[in-house]
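To convert, note that position 349 of the sequence shown is 349 in UniProt numbering; the numbers rise steadily by one, no gaps.
Contents: one structure, followed by commentary.
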Amino acid sequence: MKTFDVAIVGAGPAGAVAARCLALSGHEVLLIDDTSHVLKVGESLPGSAYPLLFELGLLPWLHASQPLPCVGNVVSWGQEALYCRDFMREPYGAGWHLCRQAFDAALRNAAGDAGVTGCTQRFEQVQRAGNRWLLTLREEQVGARWVIDASGRSACVARRLGVKRERDQRLIALYSRTQHVAGDQRTCIEAVANGWWYSAALPGDKRIAALHLTPCEAQKVLKDRHGWLAQWDKTRHIRRHSGSGEWSPPHACEAGGSYLQQVAGEHWLAVGDAALAFDPLSAQGIFNALYSAMRGAQTVQAALAGQHESTQQYTAQLLSVRRAYVRMLDIQYRREQRWADQAFWQVRQQ
Ligand SMILES: Cc1cc2nc3c(=O)[nH]c(=O)nc-3n(C[C@H](O)[C@H](O)[C@H](O)COP(=O)(O)OP(=O)(O)OC[C@H]3O[C@@H](n4cnc5c(N)ncnc54)[C@H](O)[C@@H]3O)c2cc1C
């Protein structure tokens, strides 16, 4: 059985970037993903990710995925009228609307280009055997000196190691796509009595709209075949912003913040959503995936070179990211006071 320096479970943005960084520093890396079981929503990356993408040498790979420019947000939050946040006035300018399949594939190609070995299999189990990990995949076993959990919200490696996951307020996203050629390339965000919406352009003449609700409200909406459309119809701005295309049946996914009680241990660590997952209102999920992947890879590199205190530093870095996120999200939710008596807003403003 082959033993790699590092095995990474999950080839989303976090896993692919951690793999590339470690391969570029001369390590033998296995990147494992069973890509069939996760639906990728279709998201935006803020322009503030530019320096990070530059440092990681990923700008050409981003452009290869053909993102659309994201020039700003139009927002109805805390007031009925829309106000505009123009990204062209921000230090790094426009961000990008991503096709997640294309973006993730580009990052996996960047990892492959750096010498990473890819493996399309489901990860099932991990155990310590002497001075290495033994990973059981669907069809084989592999060995590794270090393992990185980049499996997204499922955090399947950390869970197998017995680490618990904490959840913030539950939040369910009900999202749908439509074909939409022309239109406003800004993202529209609208708060409503039972939650909030966003609508954004996607590459390939598509558009996404997502409604964020409590699990109980989401269930009610899904019970009715036309429930999502009825909610969409009630919006003041999202409806106008996202045109008149035909919407696909809505998908539901967990969207609330969550985090691992422990993000690193003996010869393992977690990156991206596996370590810290964010409410989409923050629009920081992919940025955090890239950042934590880079920091995680540096930590593993240092540990493989014998510097074992580096996992403590990594834990402290992620803790400060989590604190900043909680502070910002709290401010954002408190800015909407029009429905302070509604369950969705009450739990977020306590
Ligand atoms: C509704 C919604 C909207 C969002 N909008 C935005 C946005 O606009 N901007 C933004 O920055 N972020 C947004 N996010 C967050 C963003 O999607 C995540 O932060 C990002 O995908 C995290 O990347 P990751 O690599 O950590 O995990 P993922 O992208 O989830 O990748 C994990 C990978 O692990 C693999 N995997 C899992 N289990 C196994 C297993 N057992 N075996 C093998 N492989 C496995 C999966 O196949 C997957 O490819 C949004 C999230 C939601 C839910």
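We put the CB at the ideal spot given by N, CA and C, even for glycine.
**Report entry** Limits of the beta strand (DSSP E) - the one that A193 falls within
**Finding:** Boundaries cannot be given for A193, as no beta strand (DSSP E) includes it and DSSP labels it neither H nor E.
Query raised in the report: Who are the Cβ neighbours of A201 in its own chain at under 6 Å, not counting the five residues just before and after it?
Result: Closer than 6 Å at the Cβ level, and outside the excluded window around A201, lie L68, H97, Q185 and R207.
Query raised in the report: So, helix, strand or coil for P69, using DSSP?
Result: Strand, per DSSP.
Requested in this report: Report the three-state DSSP secondary structure of F278 (helix, strand or coil).
Outcome: In the structure shown, F278 adopts coil according to DSSP, grouped into three states.
Requested in this report: Check whether the region 13-23 touches the region 280-295, counting contact only when three or more Cβ pairs, one atom from each stretch, lie closer than 8 Å.
Outcome: With a cut-off of 8 Å, the region 280-295 and the region 13-23 count as touching, because enough Cβ pairs lie within range.
Query raised in the report: Quick one: does the C-beta of A343 sit closer than 7 Å to a heavy atom of ligand 1?
Result: Short note on A343: C-beta not closer than 7 Å to any heavy atom of ligand 1.
Report task. Please confirm if the region 83-97 is in contact with the region 135-150, defined as three or more CB-CB distances below 8 Å between the two stretches. Result -> With a cut-off of 8 Å, the region 135-150 and the region 83-97 do not count as touching, because too few Cβ pairs lie within range.
Query - CB of R335 within 8 Å of CB of G152, strictly - result: At least 8 Å separates the beta-carbon of R335 from that of G152.
Query - A11 Cβ short of 7 Å to ligand 1 heavy atom set - result: Checking every heavy atom of ligand 1 against the Cβ of A11, one is found closer than 7 Å.
Report task. With a 10 Å radius around its C-beta and 16 neighbouring C-beta atoms as the bar for buried, classify V41 as buried or exposed. Result -> In summary, V41 is buried, with 16 or more beta-carbon neighbours lying within 10 Å of its beta-carbon over all protein chains present.
Report task. Mind checking which residues open and close the alpha helix (DSSP H) that includes residue 401? Result -> There is simply no residue 401 to check, as the chain begins at 1 and stops at 350 in what is shown.
Requested in this report: Kindly indicate the opening and closing residues of the beta strand (DSSP E) around F103.
Outcome: It is not in any beta strand (DSSP E) - F103 instead sits in the alpha helix (DSSP H) that spans R100 to D113.
Report task. Have a look at H241 and V74 and give me their C-alpha separation to the nearest angstrom. Result -> Answer to the nearest angstrom: the Cα atoms are 9 Å apart.
Query raised in the report: How do the region 108-115 and the region 215-228 stand: do at least 3 beta-carbon pairs fall below 8 Å, yes or no?
Result: Using a Cβ-Cβ distance cut-off of 8 Å, the region 108-115 and the region 215-228 are not in contact, since fewer than three pairs of beta carbons, one from each stretch, lie closer than that value.
Query raised in the report: Taking the Cβ atom as the reference point for each residue, do L171 and P250 lie within a distance shorter than 8 Å?
Result: If you check the CB distance, L171 and P250 do not come in under 8 Å.
Query raised in the report: Closest by CA to L269, which one among F278, Q127 and T315?
Result: For the residues F278, Q127 and T315, the minimum Cα distance to L269 belongs to T315.
Query raised in the report: Can you tell me whether D341 is buried or exposed, with buried defined as 16 or more other CB within 10 angstroms of its CB?
Result: With fewer than 16 other beta carbons inside 10 angstroms of its own, D341 counts as exposed.
Query raised in the report: With a cut-off of 8 Å, does the C-beta of G115 fall near any C-beta of chain B?
Result: In the structure shown, chain B cannot be found, because there is only a single protein chain.
Query raised in the report: Which value, in whole angstroms, describes the spacing of the CA atoms of G296 and R323?
Result: Spanning the two alpha carbons is a distance of roughly 18 Å.
Requested in this report: Work out the CA separation of D273 and A158 for me, nearest whole Å.
Outcome: Cα-Cα distance, rounded: 12 Å.
Report task. Count the other CB atoms, across all protein chains shown, that sit within 10 Å of the CB of L39; report buried if there are 16 or more and exposed otherwise. Result -> Its Cβ having fewer than 16 others within 10 Å, L39 is exposed.
Query raised in the report: Are the beta-carbon atoms of H180 and W196 separated by less than 8 Å?
Result: Contact: no.
Query raised in the report: How about V126 and R165: are their beta carbons less than 8 Å apart?
Result: No, they are not a contact pair.
Query raised in the report: DSSP on D341, reduced to helix/strand/coil?
Result: D341 falls in the coil class under three-state DSSP.
Query - Where S320 falls, given that 16 or more other Cβ within 10 Å makes a residue buried - result: Taking every protein chain shown into account, the CB of S320 has fewer than 16 other CB atoms within 10 angstroms, so this residue is exposed.
Query - Neighbourhood of F278 by C-beta, 7 Å cutoff - its chain only, sequence neighbours within 5 removed - result: These residues qualify, in order along the chain: G257, Q284, G285, N288 and Y325.
Query raised in the report: Is E217 near ligand 1, going by C-beta to nearest heavy atom under 7 Å?
Result: Incorrect: E217 has no Cβ contact closer than 7 Å to ligand 1.
Query raised in the report: Just to check, is the beta-carbon of G112 closer than 7 Å to a non-hydrogen atom of ligand 1?
Result: In terms of side-chain proximity, the C-beta atom of G112 is found no nearer than 7 Å to any non-hydrogen atom of ligand 1.
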